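Structure record follows, encoded as structure tokens.
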Amino acid sequence: MSALSDTYAEGAAGQLHRSIDWRGAFWVASGVPALVLFSIGGIAGTTGKLAFLIWTVSMIMGFLQSFTYAEIAGLFPNKSGGASVYGATAWLRYSKFIAPLSVWCNWFAWSPVLSLGCSIAAAYILNALSPVPVFTETSPQVVAYIAAHAGTSAADAIAAVTAAATPAIRNWSLFSHTLGPVSFSLNATFFIGAVLMLIIFAIQHRGILGTASVQKYIGLLVIIPMLIVGVVPIFTGQIDWANFSPLVPLATAYAPDPGSWNIAGWTLALGGMFIAAWSTYGFETAVCYTSEFKNPGTDTFKAIFYSGLLCMLLFILVPFTFQGVLGLNGMLATPIVDGSGVADALAGMVGGGQLIHSLLVMLMILALVLCIMTAMAGSSRTLYQGSVDGWLPRYLSHVNEHGAPTRAMWTDLCFNLIVLAIASADATSFFFILAVSNCGYIIFNFLNLNAGWIHRIDNGHIERPWKAPTWLLGIGAVFAYVNAIFMGAGAKVWNPMALWAGLITAALILPVFCFRHYIQDGGKFPDHMLDDLGMKSSDLKAKKAGILPYATLVAGLIVVLVANRIFVL
């Protein structure tokens, strides 16, 4: 580790290439603020006037947690794949099965960004090309319908007229079906989303340098408009401060009646914190590219720190103005809750006529593309490094001539085409996928926030390019249990089966890992997995932390189950 300040050599054939500095990772991670578009409506629908506070607290937690990730990433200048890979190595001494669980959970948390983002972008495109017409009680068509159907209420007349005038493509589906708690559909949203996904795959195929170059320009086109959306309503006096009080939960999700701080109210609030974490914690993806940094010793911390500052600004500012302008009833409108109308609402907050409105909607679509590029770059490298280190099947460790992990990317693509069919069906299926995905993310965060202090105990002698203050590591460990409460209490808000489906999905790594480790590798890990720590597999027998890691796992599971039992709707 003595050469931490030196520029690292270019990647050899068959390896990721050292071609970017922290700025490149910053631009790749600049897609993370667009994650606010995924759940800003859903969180508003379940938490009401608490929504802006949920986003603010969640973002602050994410920023404080990131310092743990920055430290452990610096221990591994030759690995890609992000905090899950770096943290997994800490757990390896204590269980062969916990280490791959971290990598797996991080992957199935990040990977669905591709499908969920493409489904939202496709919905925005459909809204622009084939909008659903809006009618009121005084619309001529509604008046004529009531006259022709005596006794029909205005609401029923509006629904009937809207259904008749809705473009056929909005209801068309090649095939659809229901499967357990979700539906799936090969509809227009699916096919538009699939085309977007293939375009992004083609860009990623050029390697990280090409991705960072493209993403820099898309990022500038997206971050600036998001700032405009966040700032303009404040200066134009559109913020209604009454929209921020009283600070009480809703009585029932998706209904405007105020509730109280009882068990049901706390459950809805914790459900908001649970799903917000999937977005606000996401900038840790900036450390996915450690083995592609020219100088990982200095670039790693800068990448995650400056990405965190960007997210801090946008994740607090945009939800604040969104709520301040729309108010509770506006945020509970169906197109906002299901996400399809968020871009229209944000564009409408700025004003400036139809041209500006259309331009901002287009930029919101670009924001989603940026976000999807971030996810594909990060999640594919998690699969790649997991394969290189002996946790996932060998075929995933292949890279092309540009240094892109193409087999991992193809795996991501195929998986997400399946998930896209589910996410495109309806809002219930969309949020089920999001909640299950976030169960994986909370498990990953729990393991890796605790990996910080485990690495300090077991590998305290290893030089670190950046060392977090001990009190920040302690806060991260406490937040690991707070996040566990969010998952145990809040997953059910989005779907009654979400928590159990998330735990089952996490457990799927066990047969995958056993195949790689015991069948492909004969029960041994590759020695190079621990090269950065100056260790060999035989050194893993020393367990300086004793029973503490095991006690941590048991306590985490108890917290999840107790929170699930106490907090009910």
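Note that the working numbering has the sequence shown beginning at 121, numbered continuously upward. Where a beta carbon is used, it is the ideal one built from N, C-alpha and C, also for glycine. The structure displayed is predicted, hence computed values, not measured ones.
**Request:** Reducing DSSP to helix, strand and coil, say where residue 254 ends up.
**Result:** coil
**Prompt:** According to DSSP, which residues form a beta bridge with residue 299?
**Reply:** 302
**Classification of residue 640 by the beta-carbon crowding that lies within 10 angstroms, buried from 16 upward** = exposed
**Exposure of residue 127, with buried meaning 16 or more beta-carbon neighbours within 10 Å** = Its pLDDT being 33, under 50, residue 127 is placed unreliably in this model, and the value from its coordinates should be taken loosely. Classification for residue 127: exposed.
**Asked** Alpha carbon to alpha carbon, how far is residue 147 from residue 612?
**Response** 35 Å
**Message:** Can you check which of these residues, 307, 415 and 272, is closest to residue 243 by C-alpha distance?
**Reply:** 307
**Message:** Whole angstroms are fine: how far does the CA of residue 686 sit from the CA of residue 233?
**Reply:** 31 Å
**Item:** C-alpha gap between residue 286 and residue 257, whole angstroms
**Value:** 17 Å
**Prompt:** Out of curiosity, what's the CA-to-CA distance linking residue 389 and residue 220?
**Reply:** 32 Å
**Rounded separation between residue 320 and residue 543 - CA only** = 18 Å
**Asked** Which of the three DSSP states, helix, strand or coil, is assigned to residue 307?
**Response** strand
**Request:** Quickly, what does DSSP pair residue 503 with across the bridge? List them, please.
**Result:** Residue 503 is not bridged to any residue.
**Request:** Spatial neighbours of residue 477 within its chain, please: CB distance less than 6 Å, with the 5 preceding and 5 following residues excluded, ordered by chain position.
**Result:** 467
**Asked** Does the pairing of the region 631–640 with the region 603–617 give three or more beta-carbon distances under 8 Å?
**Response** no
**Prompt:** Buried or exposed: where does residue 270 fall if 16 or more other Cβ atoms within 10 Å of its Cβ makes it buried?
**Reply:** exposed
**residue 293 - partner residues in DSSP beta bridges** = 307
**Prompt:** Under three-state DSSP, which class holds residue 439?
**Reply:** helix
**Prompt:** Would you say the region 379–387 touches the region 585–605, given that touching needs at least three Cβ pairs under 8 Å?
**Reply:** no
**Request:** Compute the beta-carbon to beta-carbon distance between residue 208 and residue 407, rounded to the nearest angstrom, for a pair I have assumed lies under 8 Å.
**Result:** No, residue 208 and residue 407 are not in contact; Cβ-Cβ is about 14 Å, not under 8 Å.
**Request:** Using 10 angstroms around the beta-carbon of residue 458, count the other beta-carbons present and answer buried if the total reaches 16, otherwise exposed.
**Result:** buried
**Request:** State the Cα-Cα distance for the pair residue 456 and residue 631, rounded to the nearest angstrom.
**Result:** 40 Å
**Message:** Which of the three DSSP states is assigned to residue 378 in this structure?
**Reply:** strand
**Asked** Hey, which unbroken runs of the alpha helix (DSSP H) at 4 residues or more fall wholly within the region 209–288?
**Response** 218–230, 233–249, 260–268 and 274–285
**Item:** Sequence-distant residues of the same chain with beta carbon closer than 6 Å to residue 557, five excluded per side
**Value:** 229 and 232
**Item:** Backbone CA spacing between residue 622 and residue 252 [nearest angstrom]
**Value:** 35 Å
**Asked** What did DSSP end up calling residue 370 once you bin it into helix, strand or coil?
**Response** strand
**Item:** Nearest residue (CA-CA) to residue 279, options 254, 423, 238 and 373
**Value:** 254
**Request:** Return the first residue and the last residue of the alpha helix (DSSP H) that residue 185 is part of.
**Result:** 171–194
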